Amino acid sequence: MSILESIVLLGAALLVVGMAFPVISRNLAVALSLQAAGVALIGSSGALVLFGAQAIGAEFRNSLDPALGIDGLTGFFLATLALAAVPALIFSRDYLADANRSRPLVALCGLFLISLIGVVVARDPSLFLASWELMTLVPATATLVRRNDATVRHAVYVYLAVTHLGGVGVWICVLALAHYGAIGDPAALAAHGTAPQAFIIAMAIVGFGTKAGLMPLHSWLPRAHPVAPSHISALMSGVMIKVALYGLIRALFEWAAPPPMWVGFVILGLGLISSLGGVLYALMQRDLKRLLAFSSIENVGIVALGLGASILFSSQGDTTWAAIAFVAALLHIVNHAVFKTLLFLVAGAFERAVGSLDLDQIGGLLRRMPWTGGAFLVGSMAIAGLPPLNGFASEWLTLQALIHMAIGPSLGLGVAGAIAAAGLAATAALAVFCFVKLVGLVLLGPARRAEVERAVEAPTAMKGAVMFLAGCCVALGAVPGLLISSLMQLAPQPQSLAAEPGLAIPATGSLPSPWLLFGVLALTALFWRLRGSRRSAPVPSWASGQRIEPSLSWRSAGFTKPLRLTLEAVFRPQREIVALREHGQLQSLRYRNEIPHLFDTLLYRPVQRGALRGALIARRLQSGSVRAYAAYLLALLLALLVLTRIGAIG
Amino acid sequence: MNAIAGAIQLIGGLALAPLLPGSIQALKARLQGRRGPSPLQPYRELRRLWGKSSVDPQPTTLIYRLAPCLVAAAMALSLFLVPIAGLSPNWPLGNDAIVLVGLFALARFALAASSWDTGSGFGLMGSSRDLTLSVFAEALLVLALILAVLPVGSTDLIAMSSAANGSAVWSQPAHWCAAAAFGLVVLFETGRQPIDNPDTHLELTMIHEGPLLEYAGRDLALLQWSAAARHWIILVLAAELYLPHWGGFGARLACLVGGIALLCVTLAFTETAQAKMRILRAPALLGGGCLLALVGLISWLVS
């Protein structure tokens, strides 16, 4: 047994002990620390494999006897998982300290992590599918343990229903791959022609796409993430949907490889819809966690843009750019894991401090919670794709890939690339819009509620965890190049690239990110010095001579109004104003404004209605009488006999 | 040569930039039959503001005071990225076009955050409009840049500018489309009519001026310099990538000066001849630019 294998086993043992610990003891800090240590050990071994250590464990196999192993891609996802999960576990030490039912929550958190790790280290279909199911069920349980009123039950029901319907795709895909002996051996599938491959790929896109939250299969995501406890939502958004992307990458780029060109167009199209749709709906949300959930859809869309571009480049034989686009997707996966975990954790800290997460009712938290608030600001700037933070690096790389697809020579790819590049640029601008709104409503301006005035800074563990993640946002933004050369080895056709701190990609003007970070900081400091600290007179903000009352202050709806009006055809907002008059005098005004989720009203509701109607018809067959059922069996038997007789089956 | 180009990058951006909005204003006044301010007026404004004390709207945080410095830093960094006459010394910052887009977004974020910090309606109105239009403008900018990348296959601004050198590119319809599309970007980024009106402080119409309302003293001076530097960067970019230029460094430098002068005159003319359009109509204009750019791309790909 190699040293690396023993480290992984030690980590797994610590994780299991940490999971079981709450059963015997009340001391949750120990349980969480054990879990964190276990995940950290497993994640660092994953990172070692990624950075060139020998792969450990078994190879992929098609038989059903369980096997585990870590190769480069698994190592990358394990490292990403640890980067998000360790801070989340440390955070929950204080977050769960005074929560009710915290013991089962801690145990479930450990089980959730085991299932997530299980999916990425599984080397056979049975373990993969078992972990996959567990990964779906555990967060649902954790959500219900925490709260189980009607809204939460409904959200969890939708989550389970949609992910299980989609999960059928995963089962079919993995079992069909095992049937053809294609897991770990793409040549096996190629021997059977294109039809099985197309079927398996379609199933993979439906199955893994649902879990990853690609539009239009995303319906569960904005419902499930807001109701889960914050550390679980952080793991769901930061890690679980990445594990689904892991499945998609394995299926498309390894087991069913090489994917035909239409797959590239499909993934690119889904990515474009998800990124634009996700951020547009995120912009219109009033609940902080729901906004973050929609923004996860956007980021999965950006990853899908990279993956789609990679497939299309491969189909053109451009292996260099195929690898760069693939790496852009991976880089965005790790970046999103970092800043989305950060934002969800801070959302938990804010919820604990001020009670509700209604964006219009917070305000001014930066003054009261400077450390967590500062981390939230860094995370928001990173997710908005602003230089010199990490979100910019991966979006820059994705945009470069799309631009190089747009410049030809093929007409179809060129137009697709140009539209996708313009869509990504618009997505980035919308993300700036969305997150400056978020920062403004939550951190800046006056407090909008009395509870907010009394908010205090979060305890040390929570503060430390989010500040660590903010540091990761800066570090990954400063030196993404150190990661790139290893990630290049994971691409379908590995390419070599000189290791540099910045991103020196051929045929671009290069992104020397350390210098960019230095430049922004140094010049800001320079201008700060030049500005000097002159006396400045305190005055109220100018509002044409009026005072800015909290009830008159700007809210989410007002700030996004120009965009809502511009895109009225897309959003189809509904508003209702009821004026109550008596004796010619206005007594009261009632105003309601809603942005319906078009995927729900135009897609899911008709499907749901159709399913219910079908069920009503099918119910007529269910008379409840035993004789009728015996007759059905007889009819079936006869039908089968007839079919055998005429040679249709058998 | 590189050293001269580097010197012009910095001196031009830092010192000459205020001349651009100043001369546009002066020329516009002439066209409208007024005497108007001298082209040097922005310098006087900056000197006056630099000496004044500032005010501190309550309740604001550090973000409000940091925003002008961050905006100015983003603009100052952008100066290093844009080559002059196709040359730029080997600054360690590279010359990538998309990094420029990112730095502009950073400035926009900082300014919008500052208006949330004051909570004043004027600033928020301006920045919400600015951000709404930026969605369309950024897509248009990327498409226009793609068209300029076509002949050279790289997003390096030096290579892109060299590819636009000479008369060969003008035989491509794509280049004409690119020039027209980038013209709309120029109108948006410099805050000119018909998209924005730089002369007004009416809340019904203003976009870029809105978030500046609360600032005074050196903060306002930094922001006004940043607005001038934004003019400089966008106009130099337009002249380098989308306007005709020929020959070696000297000739191209002359072409650059001519191109910037031409753009200033054109802006003064459009400001005089065009009424401001409704804000909600502007996205359609920018979207039309996107379609034009796509047509240009298709014309290149089929030929």
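These protein sequence lines map, in sequence, to chains D and U.
The first sequence: position 209 = 209 (this note's numbering), numbered continuously.
Remember, this note's numbering sits 650 above the position in the second sequence when you count from 1.
Idealized CB from N, CA, C, for every residue including glycine.
Since the structure is predicted, the reported quantities are computational estimates derived from the model, not experimental observations.
### Task
Indicate whether residue 756 of chain U and residue 386 of chain D have their beta-carbon atoms separated by less than 8 Å.
Counting from one through the second sequence, the residue named residue 756 of chain U turns up at place 106. Counting from one through the first sequence, the residue named residue 386 of chain D turns up at place 386. Yes. Within cutoff.
### Separation of residue 768 of chain U from residue 546 of chain D, as counted between CA atoms
Position 546 of the first sequence, counted from the start, is the residue given in the question as residue 546 of chain D. Position 118 of the second sequence, counted from the start, is the residue given in the question as residue 768 of chain U. Each residue's alpha carbon lies about 14 Å from the other.
#### Entry: Under 9 Å from the C-beta of residue 906 of chain U: neighbouring residues of chain D
For the purposes of this step, residue 906 of chain U is taken as the residue at position 256 of the second sequence. The contacting residues do not exist; residue 906 of chain U stays about 19 Å from chain D at best.
### Message
So, does the segment 299–316 of chain D touch the segment 420–432 of chain D, judging by three or more C-beta pairs under 8 Å?
### Response
yes
### Query
Which value, in whole angstroms, describes the spacing of the CA atoms of residue 691 of chain U and residue 922 of chain U?
The residue given as residue 691 of chain U occupies position 41 in the second sequence. The residue given as residue 922 of chain U occupies position 272 in the second sequence. Straight-line Cα distance between these residues: approximately 19 Å.
### Task
List in chain order: all unbroken beta strand (DSSP E) runs of 3+ residues lying wholly within the segment 396–483 of chain D.
none
### Message
Residues of chain D with CB closer than 7 Å to the CB of residue 758 of chain U, please, in chain order.
### Response
Mapped onto the second sequence, residue 758 of chain U falls at position 108. Those are 432, listed as they occur along chain D.
### Task
State yes or no: is the beta carbon of residue 415 of chain D nearer than 8 Å to at least one beta carbon in chain U?
The residue given as residue 415 of chain D occupies position 415 in the first sequence. Taking Cβ atoms only, chain U reaches closer than 8 Å to residue 415 of chain D, which makes this a yes.
### Query
Counting Cβ pairs closer than 8 Å, one from the segment 223–240 of chain D and one from the segment 337–345 of chain D, do we hit at least three?
yes
### Task
Kindly indicate which residue of U/734, U/904, U/790, U/791 has the alpha-carbon position closest to the one of residue 651 of chain U.
Here residue 651 of chain U is taken as the residue at index 1 of the second sequence, counted from 1. Residue U/734 is the option with its Cα nearest to residue 651 of chain U.
#### Entry: For residue 148 of chain D, the three-state DSSP class (helix, strand or coil)
As a working note, residue 148 of chain D is residue 148 in the first sequence. Coil at residue 148 of chain D, not helix or strand.
### Message
Count Cβ pairs between the segment 311–330 of chain D and the segment 194–206 of chain D that sit closer than 8 Å; are there 3 or more?
### Response
no
#### Entry: Where residue 745 of chain U meets chain D, residues with beta-carbon distance less than 7 Å
Numbered from its first residue, the second sequence carries residue 745 of chain U at position 95. In chain order: 509.
### Query
Going by DSSP, which residues form a beta bridge with residue 56 of chain D?
Against the first sequence, residue 56 of chain D aligns to sequence position 56. Answer is D/70.
### At least 3 beta-carbon pairs within less than 8 Å: the segment 765–783 of chain U vs the segment 672–689 of chain U
no
### Message
Is the beta carbon of residue 929 of chain U closer than 8 Å to that of residue 562 of chain D?
### Response
Within the first sequence, residue 562 of chain D is the residue found at index 562, counting from 1. Within the second sequence, residue 929 of chain U is the residue found at index 279, counting from 1. Yes, these two residues count as a Cβ contact at 8 Å.
### Query
Pairing CB atoms from the segment 872–890 of chain U with CB atoms from the segment 630–637 of chain D, are three or more of them under 8 Å?
no
#### Entry: Contact with chain U by residue 381 of chain D, beta-carbon distance below 8 Å
Position 381 of the first sequence, counted from the start, is the residue given in the question as residue 381 of chain D. Chain U contact via Cβ: present.
### Task
Below 8 Å on the Cβ atoms is my guess for residue 707 of chain U versus residue 864 of chain U; work out the distance and round it to an integer in Å.
Start at 1 with the first residue of the second sequence, and residue 707 of chain U comes out as number 57. Start at 1 with the first residue of the second sequence, and residue 864 of chain U comes out as number 214. Right, their Cβ atoms sit about 5 Å apart.
### Query
Can you check whether the CB of residue 486 of chain D is closer than 8 Å to the CB of residue 81 of chain D?
Mapped onto the first sequence, residue 81 of chain D falls at position 81. Mapped onto the first sequence, residue 486 of chain D falls at position 486. Contact: no.
### Task
Would you please verify whether the beta carbon of residue 771 of chain U is less than 8 Å from any beta carbon of chain D?
On the second sequence, position 121 is the one that residue 771 of chain U refers to. True, the Cβ-Cβ gap to chain D drops below 8 Å.
### Task
Please list the partners that residue 822 of chain U has in chain D, where partner means a Cβ-to-Cβ separation under 8 Å.
Residue numbering aside, residue 822 of chain U sits at position 172 when the second sequence is read from its first letter. By Cβ distance, chain D contributes nothing, its closest Cβ being about 13 Å from residue 822 of chain U, past 8 Å.
### Counted within 10 angstroms of its Cβ, other Cβ atoms place residue 702 of chain U as buried (16 or more) or exposed
As a position in the second sequence, residue 702 of chain U is number 52, starting the count at 1. Flag for residue 702 of chain U reads exposed.
### Message
Below 7 Å on C-beta distance, what does residue 408 of chain D contact in chain U?
### Response
The residue labelled residue 408 of chain D in the question sits at position 408 within the first sequence. Simply 951.
### Query
What are the boundary residues of the alpha helix (DSSP H) that residue 617 of chain D is part of?
Taking the first residue of the first sequence as position 1, residue 617 of chain D is located at position 617. Residues 605–619.
### Message
Strictly below 8 Å CB to CB, what residues from chain U border residue 367 of chain D?
### Response
Position 367 of the first sequence, counting from 1, holds the residue named residue 367 of chain D. In chain order: 709, 711.
### Query
Assuming residue 294 of chain D and residue 309 of chain D make a contact with CB atoms under 8 Å, what is their CB distance in whole Å?
Counting from 1 along the first sequence, the entry for residue 294 of chain D is found at position 294. Counting from 1 along the first sequence, the entry for residue 309 of chain D is found at position 309. With a Cβ gap of about 23 Å, residue 294 of chain D and residue 309 of chain D do not count as contacting.
### Bridge partners - residue 540 of chain D, DSSP secondary structure assignment
Taking the first sequence and counting its residues from 1, one reaches residue 540 of chain D at position 540. According to DSSP, residue 540 of chain D bridges with U/708.
### Query
Helix, strand or coil for residue 85 of chain D per DSSP?
Taking the first sequence and counting its residues from 1, one reaches residue 85 of chain D at position 85. In the structure shown, residue 85 of chain D sits in a helix (DSSP, three-state: H, G or I).
### Message
Taking the straight line between their C-alpha atoms, what separation do you get for residue 723 of chain U and residue 174 of chain D?
### Response
Sequence index remark: in the second sequence, residue 723 of chain U carries index 73 (1-based). Sequence index remark: in the first sequence, residue 174 of chain D carries index 174 (1-based). So the two alpha carbons sit approximately 52 Å from each other.
### Task
Give the interface partners of residue 846 of chain U over in chain D, defined as CB-CB distance under 8 Å, in chain order.
The residue you call residue 846 of chain U lines up with position 196 of the second sequence. Per Cβ cutoff of 8 Å: no residues; residue 846 of chain U is ~13 Å from chain D at best.
### Message
So, for residue 586 of chain D: in the same chain, excluding its five sequence neighbours on each side, which residues have a beta-carbon less than 8 Å away from its beta-carbon?
### Response
As a first step, residue 586 of chain D must be located in the first sequence, where it is residue number 586. Closer than 8 Å at Cβ, skipping near neighbours: 579, 580.
### Task
Classify residue 839 of chain U as buried or exposed, calling it buried when 16 or more other Cβ atoms lie within 10 Å of its own Cβ.
In the second sequence, counting from the first residue as 1, residue 839 of chain U sits at position 189. Label assigned to residue 839 of chain U: buried.
### Query
Between residue 933 of chain U and chain D, is there a C-beta pair that is closer than 8 Å?
Taking the first residue of the second sequence as 1, we reach residue 933 of chain U at position 283. Interface residue, yes.
### Query
Just the Cα atoms here: how many angstroms apart are residue 891 of chain U and residue 814 of chain U?
The residue labelled residue 891 of chain U in the question sits at position 241 within the second sequence. The residue labelled residue 814 of chain U in the question sits at position 164 within the second sequence. Each residue's Cα considered, the two are about 6 Å apart.
### Query
Can you name, in chain order, every residue of its own chain whose Cβ lies under 8 Å from the Cβ of residue 171 of chain D, other than the five neighbours on each side?
For this step, residue 171 of chain D is matched to residue 171 along the first sequence. So the list reads 129, 207, once near-sequence residues are dropped.
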